[in-house]
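Novice: In terms of mature numbering (1 follows the signal peptide of the UniProt record, and there is no 0), the sequence shown is residues -28 to -1, 1 to 302.
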Amino acid sequence: MRFITNFLLPYGLLFALCVQSIATFASSQTEFITEMVNRHGFDYNYLSKLLAQTEVKQSILKAITPPKSGKARPWYVYRKIFINDDRINGGVAFWRENAVALRYAEQTYGVPAEFLVAIIGVETNYGQNMGSYRILDALTTLAFNYPRRADYFRGELEDYLLFTREEHIDPLSLKGSYAGAMGLGQFMPSSFREFAVDFDNDGHRNIWSNPTDAVGSVANYFKQHGWQSKQPVMIATQVRPDAVKNLVALDFKPNYSLGWLKQNGLLFYGNLPDQTQGLVIDLETEQGMAYWFGLNNFYVITRYNHSSRYAMAVYQLATEIATLYYGQIQ
């Protein structure tokens, strides 16, 4: 009998924890619905029925949880995912198919076509992988079951419900990533509301199946985050070994003048003025560490994804796509 009691005790505890979790989930949802009613005039019964149709996805919670090792892939491994023949050729094909929209976006926002193509290439492989989760499932799972970033995802859920109402879209119909990113450029709902544009003037902001709107929206995102037209993104450089620790940036803000960096160990052989603001980036190659001087436009790319590896992948993919595209039309 003691064996049975001891055997069942963990299961009783597990059941109690599950009940507590469900109760917390329901309480959080009720609180959220009440806020949406009071702040934005939603119908309480409508939202209750809508959220009752969502599913908590354990696969989402697993995907978003940082690995225990905490070690990211080195650059030379990460690079091969995005800088390859398929992505480069796919980018050229996407450019050809959407040349008019890309040209107009470049004229309107000052962002070169190759960077718009590269963003869409890195994010979704030109629409081939826009995500398979219902956005509403992803956002409710994370808003009410992921305490570490619950406030952030509650805000994204709020923006999602607002923009689907604004755009007259069924909230259950849209699919995207496990984190709730959507469309060709993988905008989060808050970014969609702030930066997505109706670039073809058809009355809808459609970043899922309308490449024109997607291209314009990415270009607007870059412009609103400070993209400087006809300015470089980054330049390969070297750093004195004794200066690496002091020069490599801890964040992505271009807060250092080139003159100061050169005085303190940056070996730079370009012809930029010393007052040019930037930062030093280091990335691990198969031959060892390599260094770049990143300028304002590098920082802008990191606003899309806060990672130096991501920004470098976009930069190098854009360069490869442009080289092949312009080489083929000569």
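Glycine included, C-beta positions come from ideal geometry on N, C-alpha and C.
Give, in chain order, every unbroken run of the beta strand (DSSP E) that is at least 3 residues long and sits entirely within the stretch 168 to 218.
Specialist: 206 to 211
Novice: To the nearest angstrom, report how far apart residue 304 and N218 are at their CA atoms.
Specialist: The first residue shown for the chain is -28 and the last is 302, placing residue 304 beyond what the model contains.
Novice: Measuring CB to CB, does M8 end up less than 7 Å from L19?
Specialist: yes
Novice: Just verifying my parser: in three-state terms, what is the DSSP assignment at Y18?
Specialist: helix
Novice: Once you ignore the five residues that flank V169 on each side, which residues in its own chain have a CB closer than 6 Å to its CB?
Specialist: G188, S189, N192
Novice: Of the choices I55, A294, F54, L108, whose alpha-carbon is the least far from that of L129?
Specialist: L108
Novice: DSSP three-state label for M102, please.
Specialist: coil
Novice: Can you name the start and end residues of the beta strand (DSSP E) that L250 belongs to?
Specialist: According to the sequence displayed, residue 250 carries Gly and not Leu. First-last of the beta strand (DSSP E) with G250: 249 to 257.
Novice: Run through DSSP, which three-state label would F240 get?
Specialist: coil
Novice: Just reading off the alpha helix (DSSP H) that A122 is part of, what are its end residues?
Specialist: 122 to 138
Novice: Taking S163 as the reference, give the member of Q196, Y98, E69 with the closest Cα.
Specialist: Q196
Novice: Hey, could you find the ends of the beta strand (DSSP E) residue 305 is sitting in?
Specialist: There is simply no residue 305 to check, as the chain begins at -28 and stops at 302 in what is shown.
Novice: Check whether the stretch 270 to 277 and the stretch 66 to 79 touch, using three or more Cβ-Cβ pairs below 8 Å as the test.
Specialist: no
Novice: Please confirm whether V205 and N269 have their CB atoms less than 7 Å apart.
Specialist: yes
Novice: Excluding the 5 residues preceding and the 5 following D172 in the sequence, name in chain order all residues of the same chain whose CB lies nearer than 6 Å to its CB.
Specialist: Scanning its chain for C-beta atoms nearer than 6 Å, with the 5 sequence neighbours on each side dropped, one finds around D172 the residues T184, in chain order.
Novice: Please say whether L239 and I60 have beta carbons closer to each other than 7 Å?
Specialist: Not in contact: I60 and L239 (Cβ atoms no closer than 7 Å).
Novice: Determine the burial state of T37: buried for a count of at least 16 other Cβ atoms within 10 Å of its Cβ, exposed for fewer.
Specialist: exposed
Novice: What does a CB cutoff of less than 8 Å around Q203 pick up in its chain, not counting 5 residues either side in sequence?
Specialist: In chain order, L267, N268, N269 place their CB closer than 8 Å to the CB of Q203, counting only its own chain and leaving out the 5 sequence neighbours on each side.
Novice: Report the rounded CA-to-CA distance for D223 versus E86, giving the unit in angstroms.
Specialist: So the alpha carbons of these two residues sit roughly 26 Å apart.
Novice: Hey, residue 381 and G231: beta-carbon distance below 7 Å or not?
Specialist: Here the chain covers residues -28 to 302 and nothing more, so residue 381 does not appear.
Novice: First and last residue of the alpha helix (DSSP H) that includes S31?
Specialist: Start and end: 30 to 36.
Novice: Check whether the Cβ atoms of I53 and L156 lie closer than 7 Å to each other.
Specialist: Result no, Cβ atoms of I53 and L156 do not sit closer than 7 Å.
Novice: Report buried or exposed for P39, applying the criterion of at least 16 other Cβ atoms within 10 angstroms of its Cβ.
Specialist: exposed
Novice: Please state if the CB of P226 and the CB of G250 are separated by a distance shorter than 7 Å.
Specialist: yes
Novice: Would you report the Cα separation of D35 and I301, rounded to the nearest angstrom?
Specialist: With the sequence shown as reference, residue 35 is identified as Ala, and Asp is not the correct amino acid for it. Near 42 Å, if we compare the C-alpha coordinates of I301 and A35.
Novice: Does the structure place the stretch 93 to 102 close enough to the stretch 124 to 141 that three or more beta carbon pairs sit under 8 Å?
Specialist: Touching, no, given that fewer than three Cβ pairs across the two stretches are closer than 8 Å.
Novice: Rounded to whole angstroms, what is the Cα-Cα separation between A115 and S(-1)?
Specialist: 9 Å
Novice: Counting only beta-carbon atoms, is G62 nearer than 7 Å to chain D?
Specialist: The structure shown contains no chain D; it is built from a single protein chain.
Novice: Just the Cα atoms here: how many angstroms apart are N17 and S279?
Specialist: 41 Å
Novice: Under the assumption that L289 contacts V94 (Cβ atoms under 8 Å), give the Cβ distance between them as a whole number of angstroms.
Specialist: 6 Å
Novice: Could you tell me which residues DSSP pairs with Y228 in its beta bridges?
Specialist: G250
Novice: Taking the C-alpha atoms as reference points, what is the distance between A73 and S149?
Specialist: Between the alpha carbons of A73 and S149 lies a gap of roughly 25 Å.
Novice: Would you mind reading off the limits of the alpha helix (DSSP H) that contains V220?
Specialist: From DSSP, V220 is part of no alpha helix (DSSP H); its letter is neither H nor E.
Novice: By DSSP, does K234 sit in helix, in strand, or in coil?
Specialist: helix
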